[in-house]
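The opening position of the sequence shown corresponds to residue 1 in the UniProt record's numbering, with each subsequent residue numbered one higher.
C-beta: ideal position from N, C-alpha, C; glycine also.
What follows is a single structure, written as structure tokens, with notes after it.
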Amino acid sequence: MDHVIIFKALSNASRLQILELLKEPDRHFAGHEAMSRVHEYGVCVGAIQEKLGLSQSTVSSYLSLLQRAGLVEARRVGAWTYYRRNESTLHALGNFFQSQL
């Protein structure tokens, strides 16, 4: 776990919001057409983009950084990429805060 990359990823309000939205996808993306696959794959970029009101390229770059930091996992299905939180990394980060900071 690279703490510097994680802290960089968390230093942006929109990236934090993405993690918050992905924590409860049923609540935040209810009614979205992509919800049929949320439990199997996660949430698609388009649904996240719509929720944030940002460009697709901005959301994709934010998700890419979150993925490099290990905070989200991506799964490609056909032309779509789905994202979900990586709970094990988030748990390890919580432990790091508790024990080191």
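Cβ-Cβ separation, residue j to residue i (assumed contact under 8 Å), whole Å
i	j	result
R68	G42	The Cβ separation is near 17 Å, so there is no contact.
L66	R15	6 Å
T81	V45	6 Å
Spatial neighbours of residue i in its chain, beta-carbon cut-off 6 Å, leaving aside the 5 residues before and after
i	result
E73	R84 and N86
Under 8 Å between C-beta atoms of residue i and residue j
i	j	result
I18	Y62	yes
A9	L71	yes
I48	L21	yes
Sheet register partners of residue i (DSSP bridge)
i	result
R75	Y82
V43	Y83
Three-state class that DSSP yields for residue i in the structure shown
i	result
F7	helix
E57	Per the sequence shown, the amino acid found at residue 57 is Ser instead of Glu. Three-state DSSP puts S57 in a helix.
G94	helix
A13	helix
D26	helix
L66	helix
Contact set for residue i: own chain, Cβ-Cβ below 7 Å, skip 5 residues either direction
i	result
K23	R85
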